[in-house]
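J.: Let me give you the structure first, and then I'll get to my questions.
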Amino acid sequence: KEKIAQQYTNDGFPTKSDEIMITSGSQQALDIITRYYQGESISIESPSYLGAINLFRLNNLKMHSATLGTDGIDISQFKEKMTQTALCYLIPDFQNPTGLTYSHSRRVEVADVISKTNGLLIEDSPYSKLYFEEEMPSISSYIPNNSFHLGSFSKSLAPALRIGWIRANKKLLQPLIAYKEAMDLHTNGLAQQILNHYLEESRSYANHLELLRDSYEKKMHCFSMMLNKYLPTFSYVKPKGGMFIYGRFDEIDTSYLLKKCLAEGVLFVPGIEFYIDEKVNNEIRFNFTNASKDEVEQGLMTIGDIIENKLLCTKKH
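Here's what the structure looks like:
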């Protein structure tokens, strides 16, 4: 807790150790918060993270979505939604699924809306350290008393450790303690000791992040080059960090395309999975961090062949 709090402080977001709750991954962090606010209304991005959508449904939160653009959430729609909801859930850094990141000005605008409506922000930030250009300030840092900031080592270090956290003031954290204890009493102590020992090496984590960012950026450019070669009609924006490339075709049902691709051993996520009500069936999320260069080329070539050989019905259903 002390090391995580110090990292926030070093990043310009003053934090004390008693403003950190350690959780078993950031998914549990989100689960704890949504259980506490069960039955409330919440504003989200469209599209949004599938794991969050499922949690909100499970805990009977009423979702209101606002469109996501290249600079972040549509601010006029967001203002309207925040008159209907007290909570909002946002992923400003290399968003899942789109890979988009909020501009600095949009972060300030969002913080201002939340402050003026006395709302509560749940800021999910598992990808914030995976930037290729510059690290942006969190929205929570502008509104520390109106926010839960969620973090994790799963995307930046070791998923198997299952170490995440919530950063919030003590008043907001206090009622969540009972929910955390009811789930698993406490997060794995051995995993915490291993992580703490690693973080004590002053440059180890920072050096690791530099290498990871460099590796992911190269993988992203490689994936992008292959996309342009094998799927020239796929429209997308290059991400500035994170793990995902997201885009769309003009007239292809990507759920149907997936069925054809699975038979050939190729996997992606159709965009329709990330919407709560819109029937958007021509979008795809790719993860560019896992596969090798040869696997990427073979996979995208296979998708291109399936489309070109008219094995796919291009009419939207």
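For my numbering, add 1088 to where a residue sits in the sequence shown, where the first one is 1. All residues carry an ideal CB built from backbone N, CA and C; glycine is no exception.
With 16 as the cutoff for other CB atoms within 10 Å, does I1265 come out buried or exposed?
T.: Flag for I1265 reads exposed.
J.: Which partner residues does P1358 have in the DSSP bridge list?
T.: Per DSSP, I1372.
J.: Can you look up H1296 in the DSSP assignment and give me helix, strand or coil?
T.: In this structure, H1296 counts as helix in the three-state DSSP scheme.
J.: What separation, rounded to the nearest whole angstrom, lies between the Cα atoms of A1093 and I1132?
T.: Approximately 27 Å, taken between the alpha carbons.
J.: Tell whether a beta-carbon distance below 7 Å holds between L1249 and L1278.
T.: Not closer than 7 Å, so no.
J.: Which residues mark the beginning and the end of the beta strand (DSSP E) in which E1385 is found?
T.: From DSSP, E1385 is part of no beta strand (DSSP E) but of the alpha helix (DSSP H) over 1381-1396.
J.: In chain order, what residues of the same chain have a beta carbon less than 7 Å from the beta carbon of H1192, not counting five sequence neighbours either side?
T.: Result list for H1192: M1224, in chain order.
J.: Can you tell me where the beta strand (DSSP E) with I1092 in it begins and where it stops?
T.: Note, I1092: premise wrong, no beta strand (DSSP E); alpha helix (DSSP H) at 1090-1098.
J.: Thinking C-alpha only, which one of N1142, F1182, I1202, M1151 is nearest S1164?
T.: Taking only the C-alpha atoms, the option nearest S1164 is I1202.
J.: Compare the Cα-Cα distances from A1351 to each of L1238, N1369, I1372, I1394 and report the closest residue.
T.: Ranking the options by Cα distance to A1351, first place goes to I1394.
J.: State yes or no: is the C-beta of S1240 within less than 7 Å of the C-beta of L1209?
T.: In this structure, L1209 does not lie closer than 7 Å to S1240 by Cβ.
J.: Sort G1113, N1142, H1296 by Cα distance to S1242 and report the nearest one.
T.: Selected option, being the one with the closest Cα: G1113.
J.: Can you name, in chain order, every residue of its own chain whose Cβ lies under 8 Å from the Cβ of H1152, other than the five neighbours on each side?
T.: If we look at H1152 and ignore the five residues flanking it on each side, its Cβ neighbours are S1129, I1130, S1131, I1132, K1169, Q1172, T1173.
J.: Whose CA, out of V1384, I1391, Q1386, Q1115, lies closest to the CA of P1247?
T.: Looking at the Cα atoms, Q1115 is the closest of the given residues.
J.: With DSSP run on the structure shown, which of helix, strand or coil describes C1401?
T.: For C1401, the predicted model reports a pLDDT of 49, less than 50, meaning its position is unreliable; a value from the coordinates is still stated below. The answer is coil: DSSP assigns C1401 none of H, G, I, E or B.
J.: Tell me whether L1273 is buried or exposed, calling it buried when 16 or more other Cβ atoms sit within 10 Å of its Cβ.
T.: So L1273 counts as exposed.
J.: For D1486, which of helix, strand or coil comes out of DSSP?
T.: Residue 1486 lies beyond the residue range present for the chain, which begins at 1089 and ends at 1405; the question has no answer from this structure.
J.: Where does Q1183 land, buried or exposed, given buried means 16+ other C-beta within 10 angstroms?
T.: Buried: at least 16 other Cβ atoms inside 10 Å.
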